[in-house]
Amino acid sequence: MSSKNYWVVGNHAVRTLLKLSPERVLKVLSVGRFNNDQEDIALLLHNLGLKLEVLDKQRLAAVVESDQHQGIAVQVRAKSELGDRELAQRIDAGSSSTPWLFLVLDQVQDPHNLGACLRTADAAGAHGLIVPKDNSAPLSPIVHKVASGAAETVDIFRVSNLSRSLDNMKQKGIWLLGTSDKATDSLYAQDMRGPIALVMGAEGKGMRRLTEQACDVLMRLPMAGDCVSSLNVSVATGVCLYEALRQRMV
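All residue numbers for the sequence shown refer to our numbering, where the first residue is 272 and numbers rise by one.
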């Protein structure tokens, strides 16, 4: 399979792709029998004139390199990659509705975490996800499955120099809020109603030094228990994004 093609698996992710980008579909694989939860997928495939290739469950898992396929998978052409230039153009064009809300993940490499962050970013109305081009999880079948369709709806900007991109965002009036266990300011003391980017560090390591230095504010998530001192990056991302959403809805 070309590096420009990849597999999308699972009911919701496949359904979203067929609705939003059917022109990118190259191949459809199935175990051959659609269940009640897949009737609309079968109808979409019929209406789009897409042919099915039937495989048994084990063979399908081997082809797509995931056993979480729910009996359906589509091979698709990758979307055009967005990078530094597209990010700058997007910011210059301005937000049409609410103030900017970007999510920045600094070298998050676990596909489950990336997928979960994408899902929450879509749900919270984030305008895009920004990641460094190197040392970040690629879009894989696992990411698409966990993201539950959000890998198609959230714009992902892969930038060549994250600290430079963050500096450019600051010059455009976007406030950078980073999370750190070392911070003294609380998440709940921040005003998140203006244009902001939430900056989250990698699993276990947190943000890199230059990324941390680029942030306008470092904040922590309060921990009220006796044992846990930090949260998984996808959980912390959800807490931060929904605090921003809560403030914007008041």
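Yeah, the Cβ is synthetic: ideal placement off N, Cα and C, and Gly gets one too.
Just so we're clear, the structure is a prediction, and the values are computed from it rather than from any experiment.
Assuming residue i and residue j are in contact, meaning their beta carbons sit under 8 Å apart, how far apart are those beta carbons, in whole angstroms?
i    : j    : result
L331 : L289 : So it is not a contact: roughly 17 Å between Cβ atoms.
S337 : I413 : 6 Å
If you check the beta carbons only, do residue i and residue j fall under 9 Å apart?
i    : j    : result
I401 : V379 : no
V470 : T450 : yes
Y513 : A395 : yes
M463 : G472 : no
D405 : L353 : no
A381 : A408 : Here the sequence assigns Asp to residue 381, which means Ala is not the residue at that position. Going by C-beta atoms, D381 is nearer than 9 Å to A408.
N523 : A495 : Not covered by the structure: residue 523. The range shown for the chain is 272 to 521.
L410 : K453 : no
R361 : N276 : no
Can you name, in chain order, every residue of its own chain whose Cβ lies under 6 Å from the Cβ of residue i, other than the five neighbours on each side?
i    : result
H383 : V417
Q339 : K416
V280 : V335, S337, H340, A344, P412, K416
W278 : V335, A344, Q346, P412
K298 : Q346
G233 : Nothing can be reported for residue 233: it is not among the residues displayed for the chain, which extend from 272 to 521.
Counting along the chain, where does the beta strand (DSSP E) carrying residue i start and finish?
i    : result
P403 : 399-403
G502 : It is Leu, not Gly, that sits at residue 502 in the sequence shown. That residue, L502, is in no beta strand (DSSP E); it is neither H nor E in DSSP.
L323 : 323-325
L447 : 446-450
Measure the alpha-carbon distance for residue i versus residue j and round it to whole angstroms.
i    : j    : result
D308 : S292 : 21 Å
F428 : L389 : 12 Å
R517 : P370 : 14 Å
L481 : S434 : 6 Å
N503 : V510 : 11 Å
E357 : K322 : 35 Å
A422 : A333 : 22 Å
Q442 : E294 : 38 Å
K328 : G342 : 7 Å
M520 : S500 : 29 Å
N318 : G399 : 31 Å
Q461 : R491 : 11 Å
Counting only the same chain and skipping the five closest in sequence on each side, list residues whose C-beta sits under 7 Å from that of residue i.
i    : result
D355 : V430, S431, S436
G465 : P370, W446
Cβ of residue i within 8 Å of any heavy atom in the ligand GTP?
i    : result
P466 : Inclusion of the ligand GTP in the displayed structure is not the case, the ligand content being empty and no account of it being possible.
I need the boundaries of the alpha helix (DSSP H) containing residue i, first residue and last residue.
i    : result
S436 : 433-442
G496 : Note, G496: premise wrong, no alpha helix (DSSP H); not H, not E.
K328 : 328-335
T455 : Careful: T455 lies outside any alpha helix (DSSP H) and carries neither H nor E.
V417 : 412-418
C424 : First, the amino acid is wrong: residue 424 is Thr here, not Cys. 421-424 is the span of the alpha helix (DSSP H), which, as asked, contains T424.
T287 : 282-291
R356 : 355-364
Short of 8 Å in beta carbon distance, which residues of its chain neighbour residue i, apart from the five on each side in sequence? Order them along the chain.
i    : result
R286 : D311, I312, L315, G420
P493 : S457, L458, Y459
I467 : P370, W371, L372, F373, I445, W446, L447, L448, A515
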